[in-house]
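Protein chains in written order, with the working numbering: chain U, 521 to 722; chain D, 521 to 722; chain B, 521 to 722; chain X, 521 to 722. Built from N, CA and C at the ideal position, the CB exists for glycine as well. Owing to the predicted nature of the structure, the values given are computational and were not obtained by experimental measurement. Shown next, in C-alpha cells, is the structure this report addresses.
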DNA sequence: GATGAATGAGAATTCATTCAT
DNA sequence: GATGAATGAATTCTCATTCAT
C-alpha cells in the first residue's frame, strides 16, 4: 500500500504528471534538502494537487527512492559499458572514471541528493540502495584489481581504498562545481581521471 | 537574543551541561541527521530539560553551528601548524593531507555532520562557515601552488581542483570508514596522502 | 503560503468551518484578549482540529486581521451610505454619527477587539488597517469640514479633532455599554449624536 | 507571597532599581503590549537581573498593577483638586476636563497601558482597579449633575453618558496624539473641554 | 483519476517563576 | 540583596497522509 506504485520507470510510457512530479521533487530536494521540502511545496511547484502525487507515489519516501533508482541505474549501465569495452585496462579505468564525473555533473541535483540523503531512506530502501551501490563499487574495484594484478597499476594500496578515493572526488563535486565556473564537465572529468591514473602509476 | 549564548567555547570553564548537550547533539545529528533529531530527543538523552538547552543555545541551529565552529577551528589550527613547519613542501603537503584524514576519522561524527548538513544552516551562519572553509581551502591550495611553482609538483592541473580532489576523499570517509575495519586511521591517512603525492609527481 | 487563505470573504459560499472558527475566535478574543486566547482554545471551542484552522487561516494573526477586515468593510459601507444621502449636512453627520454607534454596539465584540488589539497585528497588516482607518476618518472629517465651510458648524476647532472626539466615545463603548443596561443601542446613539451636534453649534 | 512587595509607592524613598524597573516596564508595555513584553526584556532594558525584579515585585502582574495605581492616584488627586475649588461649576468642570487631557498626554504611556490592558489584570486586582475607577467616574459625574440640577447644563442627557462621552475622547488620545503634531497638550485640552462645555449648553 | 478538507501527532521555541548559591 | 541556571507547561505552527466526493 505504501510502496512505489508506478512513479515512472526510466523508459516507461507513464503520464507526464509523474515525471513532472519527480523532476520537481528532485530539484527541490537538491535545493532545500529532503526533510525541508514539503509535499505541498512539491505539488504546488509541479502544478498538481496532493491527491495526484499520492496517486502516483505511495509516499514522499518513494520519490526519494526513485531518485536513487534513477541514478544507480544510469551509473551502473554506463560503468558496465565502459568496463566491458575491449580496451586496455588503463583506458577502461580512465574512461569509466571520467564518465562518472561527466554524468554526475550533468545530473548534479541527483548526485547532491544521492550523497546527502541516503541516511533518510527507510531502512528497507536503504538496504536495497546499499546493495546496488556495493555492486557498482565492486565492478569498479575489479578494474583497479585487474590493473594491479597485471602490473599496470601500483599494487601497494588497497583497491577498495582507491575506489573510495576516486568516488570521494565525485561525491564532492556537488559541493564546489558550478556550471558557470572555468571548467567544462569534460575538463573536470579529464583532470580527475588523470589524477587517478597518475596516482596509480607503479 | 537568539544568537549563541555560550555553548562552550573551546577552552572555557563552562558548565558541563552545555558540553553534555553539545556532545549528545553531535552524536544524534550524526546518527539520524539534523532534521530528524528533535530537541526533545537531545535533552532527553542529555538528561536535562528543554529550558536548559535554550538557556545555553539560542536555537537548535546554534547547536549545529557549534559543531561547525569546533571542526573548523580544529582543522584550521592543525593545517596552520603543518603548513608552517620548515620542512620541504612535499613533506608539508603530505603531513597536512595525512593529518586531516586522521583528525577527520577521529572526529567522524563531526565530519559526517559537517559534509551532510551544511545546507541546513541558516543563511547567515552558512555564509560565515563558507568563509572559514574558503580560508582553509586557500591555505591548502597555497601548498600545492608552492610545489607547482618550484617544480616539485606537476603543474598541468589546477591547484583548486587538486585541493577539492583530496578533500573529496576526506569528505567521503564518513561514508565508508568503520573503526572495526582492516585499516587504522593512520594507515588510511598514509595511503591517501601517498595517493595525493603520487598524483602530483611531475 | 502563510497569508490569508480564504477565511470567509463577506459574501462567499465558504464552508461553515471557516466561519465557525472566525466567530469563535472573535468571541474569545473579545473575552480574553488576543494574546491570552490560544489556538487550541479556539479549535476546541469550534469543535475542529488545529489542522483545520491552519487549512483556512495562515496564522493566528490572520484571524485577527479578518476581524479588522470585517469591521472596516462594514463601517466604511455604512458611512459611505449615510454621507452620500442628499440630506442637509447636519442630518448627514447626525445619521452617520448615530449609525456608527448602533453598529458598534451591535458588534461589540468586534469593536472591543478592534480598539484593544490593533497593536498586536503584524506590522504589514497593521499598516494596511491603518490605511483603511485613515480613509474612514477622512470621509467623516469631510462631513465636518463641509458644515464648517458652509457655516452650519462652528469652525474654531480643528475638524480632525472633532472626528477623534466622536470616535473616542465610540471607541469607549466597549468599556461601559452593557446590553442589560438602561439604554438601548439606539438611545445611546441618539444621545451621542446629539452631543456631537450640540458641540458643533456655531 | 505573590503580592506587591515594595515596588515604589509614588513618593517613597525606595531604591532607584525598583523605579527604573517600573519606568522600563511602563515604556515596554506601552510599546509592545503587556503580554508581548517578557520579564527578560524588562530586566535587560533596565540593566538588572531577574532576581532583582522578583526581589522588588512579586510578579509581572504586579508591575502592571503598579502602573494602574500610579495613574489612578494621580488622576484622582487632580480631579479632587479641581472639583473642590470654589469656582462656578462650569469652570470646575472645564478645569477638570482639560486637566485630565493634559495629564493623560503627559503620561501617555501610562494611559495607553491603562485603557488597553485592564482586562489583563488578575481578577482580584481588576476588581480593585474597577472600584477606584468608579470612584473617579462618580466624582466627575457629580460635577455634571450639579450643573444639570442648577440649570447651567442641559439636563436631557444622562450624566453617566456625558462622563463616558468625555472619557472616550481621553481614552482615545493614545491612538492619535503625537507630540510632534500641530497641537500642544494644552491646546488639545482646551479644545476638548470647550467641546464638552458646548455640548452641555442648555 | 483527481480533489482538497481534515486529521493528529509532533515540531521548535518562549517564558514566568523558583531556588541554591 | 542579588544572581542566573534550570524548570515545565504552554504556545504557535507544520506536515505526511487519508478519504469522502
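| Beta-carbon spacing of residue 756 of chain B, residue 632 of chain B below 8 Å | Lying outside 521 to 722, the shown extent of chain B, residue 756 of chain B is not represented and no answer is given.
| Since residue 577 of chain U and residue 637 of chain U are thought to touch, with beta carbons under 8 Å apart, how far apart are those beta carbons, to the nearest angstrom? | Indexing the first chain from 1 puts residue 577 of chain U at position 57. Indexing the first chain from 1 puts residue 637 of chain U at position 117. Here residue 577 of chain U is actually not in contact with residue 637 of chain U; their C-beta atoms are around 16 Å apart, not less than 8 Å.
| query | According to DSSP, is residue 566 of chain U helix, strand or coil? | reply | For the purposes of this step, residue 566 of chain U is taken as the residue at position 46 of the first chain. Secondary structure of residue 566 of chain U (DSSP, three-state): helix.
| query | To the nearest angstrom, how far is it from the Cα of residue 607 of chain U to the Cα of residue 567 of chain U? | reply | Here residue 607 of chain U refers to the residue found at position 87 when the first chain is read from its first residue. Here residue 567 of chain U refers to the residue found at position 47 when the first chain is read from its first residue. Whole-angstrom Cα-Cα distance: 48 Å.
| query | When we look at the beta-carbon of residue 600 of chain X and count the other beta-carbons within 10 Å, is it buried (16 or more) or exposed? | reply | Counting from one through the fourth chain, the residue named residue 600 of chain X turns up at place 80. Per the 10 Å Cβ criterion, exposed.
| For chain X, is any of its Cβ atoms less than 8 Å away from the one on residue 558 of chain B? | Indexing the third chain from 1 puts residue 558 of chain B at position 38. Not closer than 8 Å to any Cβ of chain X, the Cβ of residue 558 of chain B fails to qualify, so no.
| request: Would you please verify whether the beta carbon of residue 714 of chain B is less than 8 Å from any beta carbon of chain X? | output: Taking the third chain and counting its residues from 1, one reaches residue 714 of chain B at position 194. With respect to chain X, the C-beta atom of residue 714 of chain B has a partner C-beta closer than 8 Å.
| query | Name the chain U residues whose beta carbon is nearer than 7 Å to that of residue 671 of chain D? | reply | Translated into the one-based positions of the second chain, residue 671 of chain D becomes position 151. Going along chain U, no residue has its Cβ under 7 Å from residue 671 of chain D, so there is no contact; the nearest lies around 16 Å.
| Own chain partners of residue 679 of chain D with C-beta closer than 6 Å, once the 5 adjacent residues on each side are dropped | Position 159 of the second chain holds residue 679 of chain D. Once the five neighbours on either side are set aside, the close Cβ partners of residue 679 of chain D are 661, 664, 665.
| task | Starting from the N-terminal side, write out each stretch of the alpha helix (DSSP H) that is 4 residues or longer and does not extend beyond the region 549–595 of chain D. | result | Counting whole runs of 4 or more residues, the region 549–595 of chain D contains the alpha helix (DSSP H) stretches 559–566, 570–576.
| query | Going by other Cβ atoms of all chains shown within 10 Å of its Cβ, with 16 needed for buried, is residue 651 of chain B buried or exposed? | reply | Your numbering for residue 651 of chain B matches position 131 in the third chain. Exposed: under 16 other Cβ atoms inside 10 Å.
| said: Quick check on residue 645 of chain B: buried or exposed, where buried means 16 or more other Cβ atoms within 10 Å of its Cβ? | reply: Looking up residue 645 of chain B in the third chain gives position 125. By the 10 Å Cβ count, residue 645 of chain B comes out buried.
| Cβ contact check for the region 543–557 of chain B and the region 542–559 of chain X: 3 or more pairs under 8 Å | The answer is yes - the region 542–559 of chain X touches the region 543–557 of chain B, with three or more Cβ pairs under 8 Å.
| message | Counting only Cβ pairs nearer than 8 Å, list the residues of chain B close to residue 662 of chain X. | response | As a position in the fourth chain, residue 662 of chain X is number 142, starting the count at 1. Listed along chain B, no residue sits closer than 8 Å to residue 662 of chain X by beta-carbon distance, the nearest being about 17 Å off.
| query | Helix, strand or coil: how does DSSP classify residue 624 of chain D here? | reply | For the purposes of this step, residue 624 of chain D is identified with residue 104 of the second chain, where counting begins at 1. The answer is helix: DSSP assigns residue 624 of chain D an H, G or I state.
| What do you get for residue 686 of chain X, buried or exposed, if any count of 16 or more other CB atoms within 10 angstroms of its CB means buried? | Counting from one through the fourth chain, the residue named residue 686 of chain X turns up at place 166. So residue 686 of chain X ends up on the buried side.
| At least one CB of chain B closer than 8 Å to the CB of residue 709 of chain X: is that the case? | What you label residue 709 of chain X is simply residue 189 of the fourth chain in a count that begins at 1. Taking Cβ atoms only, chain B never reaches closer than 8 Å to residue 709 of chain X, which makes this a no.
| task | Starting from residue 677 of chain D, find everything on chain U with Cβ-Cβ shorter than 8 Å and list it in chain order. | result | The sequence position of residue 677 of chain D within the second chain is 157, counting from 1. Scanning chain U for C-beta atoms nearer than 8 Å to the C-beta of residue 677 of chain D yields 711, 714, 715, reported in chain order.
| message | Cβ closer than 7 Å: which chain B residues qualify as neighbours of residue 656 of chain X? | response | As a working mapping, residue 656 of chain X is identified with position 136 in the fourth chain. Simply none; closest approach about 13 Å.
| message | One question on the structure: do residue 617 of chain B and residue 716 of chain B come within less than 8 Å of each other, judged by their Cβ atoms? | response | If you number the third chain from 1, residue 617 of chain B lands on position 97. If you number the third chain from 1, residue 716 of chain B lands on position 196. Their beta carbons are under 8 Å apart, which means residue 617 of chain B touches residue 716 of chain B by this criterion.
| query | Would the beta-carbon of residue 677 of chain D fall within 8 Å of that of residue 714 of chain U? | reply | Start at 1 with the first residue of the second chain, and residue 677 of chain D comes out as number 157. Start at 1 with the first residue of the first chain, and residue 714 of chain U comes out as number 194. Yes, they are a contact pair.
| What's the C-alpha gap between residue 588 of chain X and residue 541 of chain D? | By one-based count along the fourth chain, residue 588 of chain X stands at place 68. By one-based count along the second chain, residue 541 of chain D stands at place 21. So the alpha carbons of these two residues sit roughly 44 Å apart.
| said: Counting only Cβ pairs nearer than 8 Å, list the residues of chain B close to residue 639 of chain X. | reply: Within the fourth chain, the letter at position 119 stands for residue 639 of chain X. Taking the beta carbon of residue 639 of chain X as reference, the chain B residues within 8 Å of it are 552, 553, 636, listed in sequence order.
| By how many angstroms is the C-alpha of residue 659 of chain B removed from the C-alpha of residue 627 of chain B? | Along the third chain, one-based indexing puts residue 627 of chain B at 107. Along the third chain, one-based indexing puts residue 659 of chain B at 139. C-alpha of residue 627 of chain B to C-alpha of residue 659 of chain B: approximately 21 Å in a straight line.
| said: Counting only beta-carbon separations shorter than 8 Å, does residue 577 of chain D have a partner in chain U? | reply: Residue mapping note: residue 577 of chain D aligns to position 57 of the second chain, counting from 1. Proximity of residue 577 of chain D to chain U, defined by a Cβ-Cβ separation below 8 Å, is not satisfied.
| task | Measure from the alpha carbon of residue 722 of chain B to the alpha carbon of each residue in B:671, B:694, B:702, then state which is nearest. | result | Locating residue 722 of chain B in the third chain gives position 202, where the first residue counts as 1. Ranking the options by Cα distance to residue 722 of chain B, first place goes to B:671.
| message | Would residue 667 of chain D and residue 620 of chain D qualify as a contact pair, given that the criterion is a beta-carbon distance under 8 Å? | response | Sequence index remark: in the second chain, residue 667 of chain D carries index 147 (1-based). Sequence index remark: in the second chain, residue 620 of chain D carries index 100 (1-based). At a Cβ-Cβ threshold of 8 Å, residue 667 of chain D and residue 620 of chain D do not count as neighbours.
| query | By how many angstroms is the C-alpha of residue 653 of chain X removed from the C-alpha of residue 711 of chain X? | reply | In the fourth chain, residue 711 of chain X corresponds to position 191, counting from 1. In the fourth chain, residue 653 of chain X corresponds to position 133, counting from 1. Their backbone Cα atoms lie some 24 Å apart in a straight line.
| field | Between the CA atoms of residue 690 of chain B and residue 696 of chain B - distance to the nearest angstrom | value | For the purposes of this step, residue 696 of chain B is taken as residue 176 along the third chain, with counting starting at 1. For the purposes of this step, residue 690 of chain B is taken as residue 170 along the third chain, with counting starting at 1. Distance between the alpha carbons of residue 696 of chain B and residue 690 of chain B: 11 Å.
| message | Quick check: residue 625 of chain U and residue 705 of chain U, are their CB atoms within less than 8 Å of each other? | response | The residue labelled residue 625 of chain U in the question sits at position 105 within the first chain. The residue labelled residue 705 of chain U in the question sits at position 185 within the first chain. The criterion of a C-beta distance shorter than 8 Å is satisfied by residue 625 of chain U and residue 705 of chain U.
| Length of the line joining the Cα atoms of residue 572 of chain X and residue 572 of chain D | To locate residue 572 of chain X, count along the fourth chain from 1; it is residue 52. To locate residue 572 of chain D, count along the second chain from 1; it is residue 52. Looking at the two C-alpha atoms, the distance is approximately 21 Å.
| said: If we define contact as Cβ-Cβ less than 8 Å, is residue 692 of chain D a contact residue for chain U? | reply: By one-based count along the second chain, residue 692 of chain D stands at place 172. It does: the Cβ of residue 692 of chain D has a partner Cβ on chain U nearer than 8 Å.
| task | Give the interface partners of residue 549 of chain B over in chain X, defined as CB-CB distance under 9 Å, in chain order. | result | Numbered from its first residue, the third chain carries residue 549 of chain B at position 29. Within 9 Å Cβ-Cβ: nothing; residue 549 of chain B doesn't reach chain X, min ~11 Å.
| field | In chain order, each beta strand (DSSP E) run of at least 3 residues that lies wholly inside the region 631–661 of chain D | value | Fully enclosed beta strand (DSSP E) runs of 3 or longer: not present.
| said: Tell me the residue span of the alpha helix (DSSP H) that contains residue 708 of chain B. | reply: Taking the first residue of the third chain as position 1, residue 708 of chain B is located at position 188. It spans 705–720 - the alpha helix (DSSP H) in which residue 708 of chain B sits, taken as one unbroken run.
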